[in-house]
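In the working numbering, the protein residues as written are 45 to 313. A virtual CB, placed ideally from N, CA and C, is assigned to each residue, including glycine. To keep things clear, I will list the structure first and then write my remarks on it.
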Amino acid sequence: MIKIMPKIITLLELFASGGEYSFSEITAKTGLTRSNVSHLLQALCEEQMLEKVQYGKYRRGSRLTRLGLSVNPWKELIDKAGRCADNLMLWLNELAVVGMRDQEKRLTLVKRKPVKALQVEQENGKLYPADWYSTANGRVLLAFAPPATVRRIVRRCGLPARQVWREAATLPKLERELAVIRKQGYAAMEVDELIRALGVPVRDAGGETVMSLATAYPVFTCRESESEILARMKELAAELEEELKIGDIRIADLKSGLSGRSGPTRGNS
């Protein structure tokens, strides 16, 4: 037992940061034999120290999380959101954004876009500002905000301009539009005549819908249908929710970090 302890510690140190690794990556990073890794992974998964996810990788389990090995919850949140956005961006080959709501503030956790000749937010030199109304990300975050928060945001930001969201140009219309988004579980919008945007909600470990996953893509080149894109986005959102649950990451507990260097930034998305 004494001889195997250094190997166990090596494995646990690898997963302490909250990353995900395949079997081959674990053997390469730890220097342990395949036989050692196989037996230790099985034992640690049985004890809930580690967990095997459905796409063949291993990550920190709930028991290891409770031991308090994560020292920077903001970094862990952004890492998890980054993996979610990367998966969507690589699958769709288009922009992917994970956003977050903190009271009346809309924040961008991560933004990923592939290297392409055409970037959807740069068509004809136009830039699409990040606000609550002109992006699918913002509309989802607003739709799942408490009514009192929505009213404060409207008082501060005003109602959507007709050219941005014609169907929500008055308060009753805005409330109806937000109710539709909540009921259907996603936001869909035309950025312009060429660009379509979609957004789906993401819940934290406390069950609060304070995050969202969104994308924007040119409809004339996208091979996937809207229903296919939405299905994949919902799968990725569910995976992110599970990771947040395992890490017991609740946005309400992290708000004190918004003013710190490790917190997310406000910006275009």
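Short Cβ contact (8 Å threshold) for residue i with residue j
i: residue 276; j: residue 261; result: no
i: residue 145; j: residue 192; result: no
i: residue 101; j: residue 64; result: yes
i: residue 156; j: residue 185; result: no
i: residue 243; j: residue 180; result: yes
i: residue 284; j: residue 140; result: no
i: residue 108; j: residue 59; result: yes
i: residue 117; j: residue 298; result: yes
i: residue 47; j: residue 80; result: no
i: residue 231; j: residue 296; result: no
i: residue 120; j: residue 229; result: no
i: residue 221; j: residue 211; result: yes
i: residue 233; j: residue 183; result: yes
i: residue 208; j: residue 178; result: yes
i: residue 97; j: residue 104; result: no
i: residue 136; j: residue 143; result: no
i: residue 92; j: residue 106; result: yes
Reduced DSSP category for residue i - H, G, I as helix; E, B as strand; rest coil
i: residue 260; result: strand
i: residue 249; result: coil
i: residue 199; result: helix
i: residue 59; result: helix
i: residue 53; result: helix
i: residue 271; result: helix
i: residue 239; result: strand
i: residue 178; result: coil
i: residue 204; result: coil
i: residue 301; result: Here residue 301 scores only 47 on pLDDT, less than 50, and its place in the model should not be relied on; the value that follows carries that caveat. Three-state result, residue 301: helix.
i: residue 159; result: coil
i: residue 225; result: helix
i: residue 77; result: coil
i: residue 215; result: helix
i: residue 293; result: coil
i: residue 284; result: helix
i: residue 167; result: For residue 167, the pLDDT reaches just 40, beneath the cut-off of 50, and the residue's location in the model is therefore unreliable, although a value from the coordinates is still provided. If DSSP states are grouped into helix, strand and coil, residue 167 belongs with the helices.
i: residue 173; result: Model confidence at residue 173 stands at a pLDDT of 41, short of 50, so the residue's coordinates are unreliable; what they give is reported in the following sentence. Note: residue 173 maps to coil in three-state DSSP.
i: residue 91; result: coil
i: residue 111; result: coil
i: residue 192; result: helix
i: residue 328; result: Limits of the chain in this structure are 45 at one end and 313 at the other, which puts residue 328 out of reach.
i: residue 121; result: helix
i: residue 279; result: helix
i: residue 131; result: helix
For residue i, the residue or residues it bridges with in DSSP
i: residue 96; result: 102
i: residue 230; result: Paired residue(s): none; residue 230 is not in a bridge.
i: residue 48; result: None, per the DSSP bridge assignment.
i: residue 244; result: 257
i: residue 66; result: 101
Supposed contact pair residue j and residue i - C-beta distance, whole angstroms, cut 8 Å
i: residue 248; j: residue 294; result: 5 Å
i: residue 131; j: residue 274; result: Actually they do not touch by this definition, with Cβ atoms about 15 Å apart.
i: residue 85; j: residue 76; result: Residue 85 to residue 76, Cβ: 10 Å. No contact.
i: residue 138; j: residue 259; result: 6 Å
i: residue 319; j: residue 54; result: Missing from the structure shown is residue 319; the chain here goes from 45 to 313 and no further.
i: residue 238; j: residue 246; result: The pair is not a contact, with the Cβ atoms about 27 Å apart (cut-off 8 Å).
Quiz item: Taking one C-beta from the region 222 to 241 and one from the region 199 to 207 each time, how about it: are there three or more such pairs within less than 8 Å?
Solution: no
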